[in-house]
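In my numbering, the protein residues as written are 12 to 480. By construction, the Cβ of each residue, glycine as well, lies at the ideal position given by its N, Cα and C atoms. Computed from a predicted structure; not experimentally measured. So the structure is just underneath, and the comments pick up after that.
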């Protein structure tokens, strides 16, 4: 069993300090070691009047008053390598930068800035989040122009659900709405490991971990088929140096409100979840692009990210800014068996849903939560870790944004992550105000943007076929 960052590694007696949990430490280790790898970014697209730097600063201050994570400084645990704690400081001012851009560039400028600035990580003694304000100075007197607020946070202290909720609260503060929301601070959020310990008895945890480890070992031993992979580009550097030479790229596919509603209705008709339907379309897309040299023998393996918040007793609220990211046992299908017709694809979606339900009923979400931090931290110690999955997929679900915040119309949210150190595509999908968006991300040039764009196109094509079937 891998080593743990235990709570007694550092004596913390002050109420303004909080130790990071095992998974939180692993994410911070990744960020510190590989130039910000795993940091999460949400681009908030607004249409409306000019946003002054002072107005955004006031909104950020309100958000800090609500979330102790956002008014805390990162500190090292002096007694153990790659272990950290947070120290609350009410005087902390988070980094906010204002960047001018042309109105005509509003759809692409944030991507250019992300590429320039993504390879940064939290400095010890500083805050764990930052904000960018992007707009055209010439639009200062235009009450109906595009504006972007970029919210970046360490994955160590945030996940998709909690960061989106905090971004929603930021826009509420920006619009000077619901001041009562910010009148009282939340408590320190509970770590994933502590929440699991409170939800499962010790004997249940031991049995669940033993069962899952045996199942994983048996699967790898019993199934010796080669893994179907996206062919990596020929590059003039070793993969251990990806963080130095790569940048994160992403391709986005969008369904309109009408198309999203059709997908929801079709899923209800077929008796499957949106996650299952989208995953089956993703599997089809990968089957067209993976290396086909061993098509008769290779398997396509999908890594499934899972939210553990709903599985706790009691469930953990999404408004607690923290990371509660777990997994399920990967989903496998022989490459030769990937369906091509819509009827077969819907059957695959049902199989995926049955697999998911079986894993959840076996306590895998909480069990992987126990093991996840240890496993991820150990993988980071290898310069060339093995590729275990064809890809990984994460459903962010229906996010809490509104269509209007005061005088600003909310046009949508675009996610991106620092993915410069990885050897497979990472896929997320979400629904915001009735609009479905899917992201295919990876480290360019190892996984070139044109490959991510093809995956997007094949997935959307299959989803449209499934909707119209």
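With a Cβ-Cβ cutoff of 8 Å, do residue 424 and residue 51 count as a contact?
Residue mapping note: residue 424 aligns to position 413 of the chain shown, counting from 1. Residue mapping note: residue 51 aligns to position 40 of the chain shown, counting from 1. Between residue 424 and residue 51, the gap from beta carbon to beta carbon reaches 8 Å or more.
Coarse secondary structure for residue 229, derived from DSSP in three states:
By 1-based counting over the chain shown, the position of residue 229 is 218. Helix, per DSSP.
Assuming residue 431 contacts residue 178 (C-beta within less than 8 Å), just tell me the rounded distance between them.
The residue given as residue 431 occupies position 420 in the chain shown. The residue given as residue 178 occupies position 167 in the chain shown. Actually they are not in contact, since the Cβ atoms of residue 431 and residue 178 sit about 23 Å apart, beyond 8 Å.
The beta strand (DSSP E) enclosing residue 114, as first and last residue numbers:
For the purposes of this step, residue 114 is taken as the residue at position 103 of the chain shown. From DSSP, residue 114 is part of no beta strand (DSSP E); its letter is neither H nor E.
With residue 318 as the anchor, note down where its beta strand (DSSP E) starts and where it stops.
For the purposes of this step, residue 318 is taken as residue 307 along the chain shown, with counting starting at 1. 310-318 is the span of the beta strand (DSSP E), which, as asked, contains residue 318.
Can you check which of these residues, 211, 42, 235, 357, is closest to residue 399 by C-alpha distance?
As a working note, residue 399 is residue 388 in the chain shown. When each option's Cα is compared against that of residue 399, the closest is 235.
What residue ranges within the stretch 164-239 form continuous alpha helix (DSSP H) runs of no fewer than 4 residues, ordered along the chain?
As far as the stretch 164-239 is concerned, its whole alpha helix (DSSP H) runs of at least 4 residues are 171-185, 203-210, 213-233.
Within its chain, find whatever has a CB closer than 7 Å to the CB of residue 465; leave out the 5 residues flanking it on each side and keep chain order.
Counting from 1 along the chain shown, the entry for residue 465 is found at position 454. Same-chain partners within the cutoff: 300.
Should residue 381 and residue 214 be called a contact, given that it needs their Cβ atoms to be closer than 8 Å?
Counting from one through the chain shown, the residue named residue 381 turns up at place 370. Counting from one through the chain shown, the residue named residue 214 turns up at place 203. At a Cβ-Cβ threshold of 8 Å, residue 381 and residue 214 do not count as neighbours.
Using only CA atoms, which one of 197, 347, 33, 342 lies nearest to residue 309?
Against the chain shown, residue 309 aligns to sequence position 298. The shortest Cα separation from residue 309 among 197, 347, 33, 342 belongs to 347.
Rounded straight-line distance, which links the Cα of residue 64 to that of residue 161:
Here residue 161 corresponds to residue number 150 of the chain shown, with the count starting at 1. Here residue 64 corresponds to residue number 53 of the chain shown, with the count starting at 1. Distance between the alpha carbons of residue 161 and residue 64: 13 Å.
Excluding five sequence neighbours on each side, which residues of the same chain lie with their C-beta closer than 7 Å to the C-beta of residue 29?
By one-based count along the chain shown, residue 29 stands at place 18. 96, 97, 199.
Would the beta-carbon of residue 35 fall within 8 Å of that of residue 168?
Along the chain shown, read from residue 1 onward, the residue named residue 35 stands at position 24. Along the chain shown, read from residue 1 onward, the residue named residue 168 stands at position 157. Taking 8 Å as the Cβ cut-off, residue 35 and residue 168 qualify as a contacting pair.
Specify, as a first and last residue, the run of the alpha helix (DSSP H) that residue 9 falls within.
Examination of residue 9 is not possible in this model, given that the chain is present from 12 through 480 alone.
Starting from residue 466, trace the alpha helix (DSSP H) both ways and give me its first and last residue.
Numbered from its first residue, the chain shown carries residue 466 at position 455. Where residue 466 is concerned, the enclosing alpha helix (DSSP H) stretches over 460-479.
From the beta carbon of residue 336, is the nearest beta carbon of chain B less than 8 Å away?
Within the model displayed, chain B is absent; a lone protein chain is all it includes.
Could you check which residue in 411, 321, 435, 61 has the C-alpha nearest to that of residue 154?
Counted from its first residue, the chain shown places residue 154 at position 143. Selected option, being the one with the closest Cα: 61.
Could you tell me the boundaries of the alpha helix (DSSP H) in which residue 359 lies?
Counting from one through the chain shown, the residue named residue 359 turns up at place 348. Unbroken alpha helix (DSSP H) run through residue 359: 353-372.
Please work out which residues of its chain come closer than 7 Å, Cβ to Cβ, to residue 396, disregarding the five sequence neighbours upstream and downstream, and give them in chain order.
On the chain shown, residue 396 is found 385 positions in, with the first residue counted as 1. Around residue 396: 390.
Return helix, strand or coil for residue 10, following the three-state DSSP convention.
In the structure as shown, the chain begins at 12 and stops at 480. Residue 10 is therefore absent and cannot be evaluated.
Supposed close pair residue 246, residue 317 - CB separation, criterion 8 Å:
Numbered from 1 along the chain shown, position 235 holds the residue referred to as residue 246. Numbered from 1 along the chain shown, position 306 holds the residue referred to as residue 317. Not a contact, Cβ separation roughly 32 Å.
Residue 232 burial status per 10 Å Cβ neighbour count (16 or more: buried):
Here residue 232 refers to the residue found at position 221 when the chain shown is read from its first residue. It counts as exposed.
The alpha helix (DSSP H) with residue 37 in it runs from where to where?
Locating residue 37 in the chain shown gives position 26, where the first residue counts as 1. Element bounds for residue 37: 33-44.
Residue 172 versus residue 329: straight-line alpha-carbon distance, rounded
Here residue 172 refers to the residue found at position 161 when the chain shown is read from its first residue. Here residue 329 refers to the residue found at position 318 when the chain shown is read from its first residue. When rounded, the distance between both Cα atoms is 6 Å.
In whole angstroms, what is the alpha-carbon distance linking residue 86 and residue 31?
Here residue 86 is taken as the residue at index 75 of the chain shown, counted from 1. Here residue 31 is taken as the residue at index 20 of the chain shown, counted from 1. Looking at the two C-alpha atoms, the distance is approximately 10 Å.
Continuous alpha helix (DSSP H) stretch holding residue 285: start and end
Numbered from 1 along the chain shown, position 274 holds the residue referred to as residue 285. Element bounds for residue 285: 285-300.
Bounding residues of the beta strand (DSSP E) (the contiguous stretch that carries residue 258)
On the chain shown, position 247 is the one that residue 258 refers to. It spans 258-266 - the beta strand (DSSP E) in which residue 258 sits, taken as one unbroken run.
In three-state terms, what does DSSP make of residue 63?
Indexing the chain shown from 1 puts residue 63 at position 52. Note: residue 63 maps to coil in three-state DSSP.
What number of angstroms, rounded off, separates the C-alpha of residue 243 from the C-alpha of residue 163?
Translated into the one-based positions of the chain shown, residue 243 becomes position 232. Translated into the one-based positions of the chain shown, residue 163 becomes position 152. Each residue's Cα considered, the two are about 28 Å apart.
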